[in-house]
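Same order as they appear, the protein sequences are chains A and B. When you line the first sequence up against our numbering, it's residues 1 to 262, in that order. When you line the second sequence up against our numbering, it's residues 263 to 524, in that order. By construction, the Cβ of each residue, glycine as well, lies at the ideal position given by its N, Cα and C atoms.
There are 2 protein chains.
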Amino acid sequence: MKHVASRENPQFKQLHRLAQHAGRRHERAILEGVHLCQAWLACAEAPALAVFDTERLDRPELAALLAAVTDVLPAHQVLTLTPQLLHYLETVETGQGVLFVVDPPSPELPERLAEPMVWLDRVQDPGNVGTILRSCAAVGIRRVVMSAGCAAAWSPKVLRGGQGAHFALTVHEQVDLAACVDRLDVPLAVTTLEDAQDLYATALPRACAWVFGHEGQGVAVDLQRAATLRVRIDHAPAVESLNVGIAAALCLFEQRRQIGAH
Amino acid sequence: MKHVASRENPQFKQLHRLAQHAGRRHERAILEGVHLCQAWLACAEAPALAVFDTERLDRPELAALLAAVTDVLPAHQVLTLTPQLLHYLETVETGQGVLFVVDPPSPELPERLAEPMVWLDRVQDPGNVGTILRSCAAVGIRRVVMSAGCAAAWSPKVLRGGQGAHFALTVHEQVDLAACVDRLDVPLAVTTLEDAQDLYATALPRACAWVFGHEGQGVAVDLQRAATLRVRIDHAPAVESLNVGIAAALCLFEQRRQIGAH
Chain A
1 MKHVASRENP
11 QFKQLHRLAQ
21 HAGRRHERAI
31 LEGVHLCQAW
41 LACAEAPALA
51 VFDTERLDRP
61 ELAALLAAVT
71 DVLPAHQVLT
81 LTPQLLHYLE
91 TVETGQGVLF
101 VVDPPSPELP
111 ERLAEPMVWL
121 DRVQDPGNVG
131 TILRSCAAVG
141 IRRVVMSAGC
151 AAAWSPKVLR
161 GGQGAHFALT
171 VHEQVDLAAC
181 VDRLDVPLAV
191 TTLEDAQDLY
201 ATALPRACAW
211 VFGHEGQGVA
221 VDLQRAATLR
231 VRIDHAPAVE
241 SLNVGIAAAL
251 CLFEQRRQIG
261 AH
Chain B
263 MKHVASRENP
273 QFKQLHRLAQ
283 HAGRRHERAI
293 LEGVHLCQAW
303 LACAEAPALA
313 VFDTERLDRP
323 ELAALLAAVT
333 DVLPAHQVLT
343 LTPQLLHYLE
353 TVETGQGVLF
363 VVDPPSPELP
373 ERLAEPMVWL
383 DRVQDPGNVG
393 TILRSCAAVG
403 IRRVVMSAGC
413 AAAWSPKVLR
423 GGQGAHFALT
433 VHEQVDLAAC
443 VDRLDVPLAV
453 TTLEDAQDLY
463 ATALPRACAW
473 VFGHEGQGVA
483 VDLQRAATLR
493 VRIDHAPAVE
503 SLNVGIAAAL
513 CLFEQRRQIG
523 AH
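Now the structure itself:
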């Protein structure tokens with residue numbers, strides 16, 4: 001275990017630089033807080049680096065995490081920082097005294113896609129992406145395929161919104177969705193106003209690939225055209241549209257209701 | 263119409279101060295962007311102040327808004343600012359060149375509460391509050407009752423999340439919810455894990471007061487105890503819970519589905 005108390009420490013400087021880009025393409029991710037770090041360890045992976053608040057090591061959850069990483073990491077990959085230094089790396093006002101630096105998985109997309117899935121087409125808002133990942137995990141979906149232009153799945157805000165969902169999912173990023181349509185062995189489903197049936201009057205299949213799109217522009221036209229299952233979510237005219245995270249949850253839970261998972 | 267180009271202008275300074283607290287208790291609110299300003303005018307109210315980007319007055323939406331406010335406001339309540347000054351007042355990166363300063367309505371709570379409603383108990387995150395308001399408007403609910411400790415309904419982030427829902431709703435803030443239980447002529451409904459039925463196996467009434475609670479702690483115990491309709495939303499064990507905005511949408515749209523609004 002190594003203690004760092006100076007902003008001029010090279011390892012701290014490197015961490016501080018990482019914190020500005022964490023989770024973006026080709027960058028490592030930072031998991032903040034007890035829950036995410038526990039979840040990472042439960043997946044049986046060692047983090048690249050474990051960082052603790054030196055003044056809070058006596059808290060039971062932190063002590064347990066420290067014991068766990070000490071078992072799997074060499075001493076120089078376990079850091080303690082002063083609370084002030086740690087705060088520079090955190091994106092939340094009140095951190096929990098621990099963060100892991102990890103290499104996000106970059107799984108390979110299978111040749112054929114034949115299971116329940118969600119595709120995200122340029123969903124930009126990290127809160128929306130995080131919420132959708134959480135809803136996917138909540139209905140038992142295991143695979144999420146994201147286009148370029150989506151908020152980075154392993155960025156701090158998406159991780160926070162996901163609340164651990166990342167660890168129940170296989171997430172593919174920077175995928176050319178249009179090029180994947182031919183790999184599908186399940187229907188591609190889209191929410192749209194054109195040529196669409198009421199979601200709640202549609203018999204939904206047990207498995208499909210739902211595609212949800214950009215907050216302003218919706219799903220790209222080529223993907224919309226490729227969709228064989230087209231549903232709309234009727235709502236009162238008082239609003240123009242639904243938030244994409246809400247629309248996704250309504251589709252996924254209606255499918256779960258219909259297939260009798262309840 | 264009055265033009266302001268200096269940060270030292272007293273009226274600008276006052277606006278800049280307001281922008282730090284807009285929408286909080288006893289403060290005026292700032293509506294940013296074309297859509298919200300149009301919606302405010304459509305409710306037939308004059309804003310307290312209309313502020314435009316002096317360099318974008320030729321855009322059709324802005325010209326139309328300017329013409330509309332010029333009809334209803336004295337000249338000194340219509341300001342044009344340089345883009346730089348306007349940017350100081352905006353909470354979004356790329357503003358649309360217009361904002362209104364308004365007095366948020368503070369409607370009185372009726373003696374009896376007998377209609378479909380949503381109650382919010384210390385929902386802190388402005389994104390969640392905004393999303394729930396938008397979902398309320400989307401299912402045709404007209405009244406929302408919020409406790410102290412909720413994000414301020416007329417704050418910029420809640421307004422943005424609501425996407426105009428505020429104008430379809432009567433929103434009561436800073437209400438003692440426990441003290442309102444006796445006013446109810448509809449069931450109080452809560453999502454809970456204790457003594458609860460599966461949402462999708464429950465015959466939901468046409469009208470009830472749904473109460474949704476604090477992101478970490480849920481609905482306060484006294485309100486939970488007062489609830490006569492108790493439902494749970496089953497989900498896969500991969501997540502510990504659902505986001506409160508998602509849970510609210512699932513309840514409201516399931517009720518809408520059951521009562522056959524679709």
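Contact between Ile233 of chain A and Ala220 of chain A does not hold, since their C-beta atoms are separated by about 19 angstroms, which reaches or exceeds 8 angstroms. As summarised for the region 137-195 of chain A, the continuous alpha helix (DSSP H) elements at least 4 residues long and confined to that stretch are 156-162 and 177-180, given in chain order. Proximity of chain B to Leu36 of chain A at the Cβ level (cut-off 8 angstroms) is not reached, the minimal Cβ distance being about 12 angstroms. Residues of the region 238-250 of chain A with a Cβ closer than 8 angstroms to any Cβ of chain B, in chain order: Ala238, Val239, Glu240, Ser241, Leu242, Asn243, Gly245, Ile246, Ala249 and Leu250. Per DSSP, the unbroken alpha helix (DSSP H) holding Gly245 of chain A starts and ends at Val244 to Gln258. The beta carbon of Ala465 of chain B lies closer than 8 angstroms to those of Gln520 in the same chain, with the five residues before and after it left out.
In this chain, the alpha helix (DSSP H) harbouring Arg17 of chain A covers Pro10 to His21.
For secondary structure counted as the beta strand (DSSP E) over 3 or more consecutive residues, the region 92-117 of chain A holds these complete runs in sequence order: 98-102.
Against chain A, the beta carbon of Gly426 of chain B has neighbours under 9 angstroms at Ala238, Val239 and Glu240, listed in chain order.
Within the region 464-494 of chain B, contact with chain A at the beta-carbon level (separation under 7 angstroms) is assigned to no residue.
Taking Thr344 of chain B as reference, the option from B:Ala471, B:Cys299, B:Arg318 and B:Pro449 with the minimal CA-CA separation is B:Arg318. Assigned with DSSP and collapsed to three states, Asp53 of chain A falls in strand. Distance from the Cα of Val239 of chain A is smallest, within the candidate group B:Pro388, B:Leu491, B:Ala488 and B:Val401, for B:Val401. Residue state for Gln197 of chain A is assigned as strand, using DSSP reduced to three classes. As computed with DSSP, Arg494 of chain B is found in a beta bridge with B:Asp460. When secondary structure is reduced to three states using DSSP, Ala291 of chain B falls in the strand class.
When DSSP states are grouped into helix, strand and coil, Val473 of chain B belongs to the strand group.
The C-alpha of Leu252 of chain A lies about 20 angstroms from the C-alpha of Cys398 of chain B. Leaving aside the five residues that flank Ala301 of chain B on each side, the residues in its chain whose CB is nearer than 6 angstroms to its CB run, in chain order, Gly426 and Phe429. By the Cβ criterion, the region 400-419 of chain B is in contact with the region 433-447 of chain B, since at least three pairs of Cβ atoms, one from each stretch, lie closer than 8 angstroms. Within the same chain, Val364 come within 8 angstroms of Glu307 of chain B by CB-CB distance, once the 5 residues on both sides are set aside.
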